[in-house]
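Student: Residues in the sequence shown are numbered from 9 upward in steps of one, following the numbering used here.
We treat Cβ as the ideally placed atom computed from N, Cα and C, and that holds for glycine.
Please read these numbers as outputs of a predicted model, since none were measured by experiment.
Before anything else, here's the structure in question.
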Amino acid sequence: MNDDLTKTVKGAPARPAAESLRRLRAATAKASAGGGAARVEAQKARGKFSARERIHYLLDEGSFQELDLLVSTRAVEFGLKDKDIPGDGVITGFGQINGREVCVYAQDFTVIGGSLGRAHADKICKVMDLALQNRVPVIGLLDSGGARIQEGVDSLDGYAEIFARNVQASGVIPQISVILGPCAGGAVYSPALTDYVFMVEGISNMFVTGPDVVKAATGEEVSAEQLGGCDAHASKSGVCHFVAKSEPDCFRQVRELLGYLPQSRFEKPPRVANPDPLRRQVPLLEKMCELDPRRPYRIHHIIWQIADEHKFFEVQSAYAKNIVTGFCRMGGEVVGVVANNPAHLAGALDINASDKAARFIRFLNAFNIPVLTLVDVPGYWPGVQQEHGGIIRHGAKILHAYAEATVPKITVILRKAYGGAYIAMSSKHMRADFNFALPCAEIAVMGPAGAVEILYAREIAACKTDEEKLALKAKLSAEYAAKFASPYQTASTGSLDEVVEPSQLRYKIARALRFLKDKRAPGTHENRGNIPL
Ligand code: HXC
9 MNDDLTKTVK
19 GAPARPAAES
29 LRRLRAATAK
39 ASAGGGAARV
49 EAQKARGKFS
59 ARERIHYLLD
69 EGSFQELDLL
79 VSTRAVEFGL
89 KDKDIPGDGV
99 ITGFGQINGR
109 EVCVYAQDFT
119 VIGGSLGRAH
129 ADKICKVMDL
139 ALQNRVPVIG
149 LLDSGGARIQ
159 EGVDSLDGYA
169 EIFARNVQAS
179 GVIPQISVIL
189 GPCAGGAVYS
199 PALTDYVFMV
209 EGISNMFVTG
219 PDVVKAATGE
229 EVSAEQLGGC
239 DAHASKSGVC
249 HFVAKSEPDC
259 FRQVRELLGY
269 LPQSRFEKPP
279 RVANPDPLRR
289 QVPLLEKMCE
299 LDPRRPYRIH
309 HIIWQIADEH
319 KFFEVQSAYA
329 KNIVTGFCRM
339 GGEVVGVVAN
349 NPAHLAGALD
359 INASDKAARF
369 IRFLNAFNIP
379 VLTLVDVPGY
389 WPGVQQEHGG
399 IIRHGAKILH
409 AYAEATVPKI
419 TVILRKAYGG
429 AYIAMSSKHM
439 RADFNFALPC
449 AEIAVMGPAG
459 AVEILYAREI
469 AACKTDEEKL
479 ALKAKLSAEY
489 AAKFASPYQT
499 ASTGSLDEVV
509 EPSQLRYKIA
519 RALRFLKDKR
529 APGTHENRGN
539 IPL
């Protein structure tokens, strides 16, 4: 064996020193330059980062390992043969976030509009496969004109390969989509199949058919921003889970979200040291019991009080505000919170709230995250629009999600828990593990006013004057409230495990979570897809 590496093999043509290195460096530099200086400038002029900058800001410094930099399209039609398409318009690889591995891809709009050709799709599929096989999250940074028109069905098939992988990975590894430019046509369905969609104000758009098609088809005139910008998807359609003011803010939020999630369904979420005493008093909850039962309040104030260090990371904060979903820690362990919010629609359950809560609960169950349910719910939101919109079908999703969930489930009734909504919000017989209530909780088939109208209809009708009616109703309501609008009938049947002193609530929840940490219920190890609901 020739161990002198500077000598050439006898008879082989000599190559100029370092030629191969020069070739690699030239190819790397060309492929890394994206669509060239002018297009990169245009990207910047729109207030957007380049695809490479995005990866740099998202990942831990210096952790990115690129794959397939030198891949190029095999398509030749419509002049593609002569076009330079560095990396086929997408950067792919793996790196770390807070020291934990992730797979990532970033579409490069400066290269034929980030359009998705077959090689581009194959690169994305490769990192998705790596993520799934190695059980790490996958993050897509999307900025694309959609299917590469010149590649025809090959490009559509590329999308199909991505969608199929999104479904295969659903509930197995966390999948995150960050929309950082246009995302149009069928391309929107990959983000929709992933667990969380982020958008950035002023630069992100998502729609199946753009403003021009909408105008041609329906006559409606609408801008891209109105049709598919952040506001449309964060507050109206519910497609978007997180809105950021800028790209750096967006990447910070992605990193924060990942801090609450396990790497895959085969792990538990990361535990952190908890400096916040478990027995910390929660004075605000004492006040809760002095509150007029009809008075609205923002449930966030209660969550902040209970959570470790008052931190709550809200999911879908602008959508269906009558229910609040998000992550916090209790005693250092991650918990998913589902809470009625009396500040909006009195905290009642409607169609959108049902979908929002059900999908979140299913996500928590897929990824071994306990559910803390905070209840203050007067019932389902009434109305023809709700009934015809399918509140029966949508409301059933919450029941299904809670009953199938095998992760630890703790429920606290803070104030109202009436009728079907009491059952739906993780009641004992829907298989919650621990059910607590504050002393001011009101648990009944319906509220006092509605109940006396039905129970005493004849007596009320027999009253001669309106004053007489009002007085009778007030008396009967007070009697009903004394009997049913309290936690004690429910506690007497065991449907509540404990009526808790408000000041002790944080400790009770954290202690119950600790007890449940190794809970094993039938079905615990099953695969659970996170189907979009
Ligand atoms: C090929 C594309 C492209 C595409 C953009 N480009 N989209 N090339 N296929 N889908 C190219 C442009 O020709 C241009 O090339 C460069 O990218 C930048 O695009 P511009 O139009 O100059 O940029 P801008 O004005 O910012 O407009 C961006 C845009 C627009 C709104 C995204 O490009 C657009 O409407 N594109 C088409 C969108 C679309 O209809 N896509 C197909 C959707 S259907 P040059 O060389 O001039 O710089 C679909 C089906 C998926 O995606 C189905 C999955 C199941």
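(1) If you compare alpha carbons, which of 268, 290, 354 is closest to residue 550?
(2) With distances taken from CA atoms, which of 41, 159, 27, 204 is nearest residue 538?
(3) Put residue 250 into one of helix, strand or coil per three-state DSSP.
(4) So does residue 77 have its beta carbon nearer than 7 angstroms to some heavy atom of the ligand HXC?
(5) The beta strand (DSSP E) that contains residue 341, what's its start and end?
(6) Name the two residues that bound the continuous alpha helix (DSSP H) containing residue 433.
(7) For residue 219, verify whether its CB is less than 7 angstroms away from any heavy atom of the ligand HXC.
(8) With a threshold of 7 angstroms (Cβ to nearest heavy atom), would residue 120 be considered close to the ligand HXC?
(9) Which runs of the alpha helix (DSSP H) fall wholly inside the segment 277-363 and span at least 4 residues, in chain order?
(10) Between residue 97 and residue 74, which are expected to be in contact by the criterion C-beta below 8 angstroms, what is the C-beta distance as a whole number of angstroms?
(11) From the DSSP secondary-structure annotation, give me the bridge partner or partners of residue 101.
(12) What is the DSSP secondary structure of residue 464, reduced to helix, strand or coil?
(13) So is residue 181 buried or exposed if we call it buried at 16+ other beta carbons inside 10 Å?
(14) For residue 116, count the other beta carbons within 10 Å of its own beta carbon; 16 or more makes it buried, fewer makes it exposed. Which is it?
(15) Smallest Cα separation from residue 415: which of 34, 47, 523?
(16) Quick one: does the C-beta of residue 394 sit closer than 7 angstroms to a heavy atom of the ligand HXC?
(17) Is residue 275 helix, strand or coil when you go by DSSP?
(18) For residue 214, which of 198, 226, 229, 223 has the nearest alpha-carbon?
(19) Assuming residue 626 and residue 56 are in contact, meaning their beta carbons sit under 8 angstroms apart, how far apart are those beta carbons, in whole angstroms?
(20) How about residue 354: is its Cβ closer than 7 angstroms to a heavy atom in the ligand GTP?
(21) Between residue 402 and the rest of its own chain, which residues show a CB-CB distance below 7 angstroms, the 5 nearest in sequence each way excluded?
(22) In or out: residue 550 buried (at least 16 other Cβ within 10 Å) or exposed?
(23) Below 8 angstroms, how does it come out for the segment 502-520 and the segment 433-449: are there three or more Cβ pairs, yes or no?
(24) With hydrogens ignored, establish whether the beta-carbon of residue 132 is closer than 7 angstroms to any heavy atom of the ligand HXC.
(25) Determine the direct distance from the alpha carbon of residue 301 to that of residue 465, and round the result to whole angstroms.
(26) What is the residue span of the beta strand (DSSP E) that residue 90 lies within?
(27) Looking at residue 251 and residue 207, is the spacing between their C-beta atoms short of 8 angstroms?
(28) Alpha carbons only, please: which of 271, 454, 85, 480 is nearest the one belonging to residue 374?
(29) Using 8 angstroms as the cut-off, can you tell me whether the segment 308-326 makes contact with the segment 486-505, which would need three or more C-beta pairs spanning the two stretches below that distance?
(30) Would you kindly work out how many angstroms separate the C-alpha atoms of residue 521 and residue 484, rounded to a whole number?
(31) Whole angstroms is fine: what's the gap from residue 99's alpha carbon to residue 48's?
(32) How big is the Cα-Cα spacing for residue 451 and residue 470?
(33) Is it the case that the CB of residue 157 approaches a heavy atom of the ligand HXC more closely than 7 angstroms?
(34) Residue 155 bridges to which residues according to DSSP?
(35) Quick check on DSSP: helix, strand or coil for residue 423?
(36) For residue 9, is the classification buried or exposed, using 16 other Cβ atoms within 10 angstroms of its Cβ as the cut-off for buried?
Tutor: So, to answer that:
(1) Here the chain covers residues 9 to 541 and nothing more, so residue 550 does not appear.
(2) 204
(3) strand
(4) no
(5) 341-348
(6) Here residue 433 belongs to no alpha helix (DSSP H), and DSSP marks it neither H nor E.
(7) no
(8) yes
(9) 291-296, 307-314
(10) Actually they do not touch by this definition, with Cβ atoms about 14 angstroms apart.
(11) 74, 112
(12) coil
(13) buried
(14) buried
(15) 523
(16) no
(17) coil
(18) 198
(19) Summary: the structure shown does not reach residue 626, with the chain confined to residues 9 through 541, and so no result is reported for it.
(20) With respect to small molecules bound, the structure shown includes the ligand HXC and not the ligand GTP.
(21) 359, 362, 363
(22) Residue numbering for the chain in the displayed model covers 9 to 541; residue 550 lies beyond these limits and cannot be assessed.
(23) yes
(24) no
(25) 24 angstroms
(26) It is not in any beta strand (DSSP E) - residue 90 carries neither H nor E in the DSSP assignment.
(27) yes
(28) 271
(29) no
(30) 41 angstroms
(31) 15 angstroms
(32) 29 angstroms
(33) yes
(34) 124
(35) strand
(36) Model confidence at residue 9 stands at a pLDDT of 49, short of 50, so the residue's coordinates are unreliable; what they give is reported in the following sentence. The residue in question, residue 9, is exposed, as its Cβ has fewer than 16 Cβ neighbours within 10 Å.
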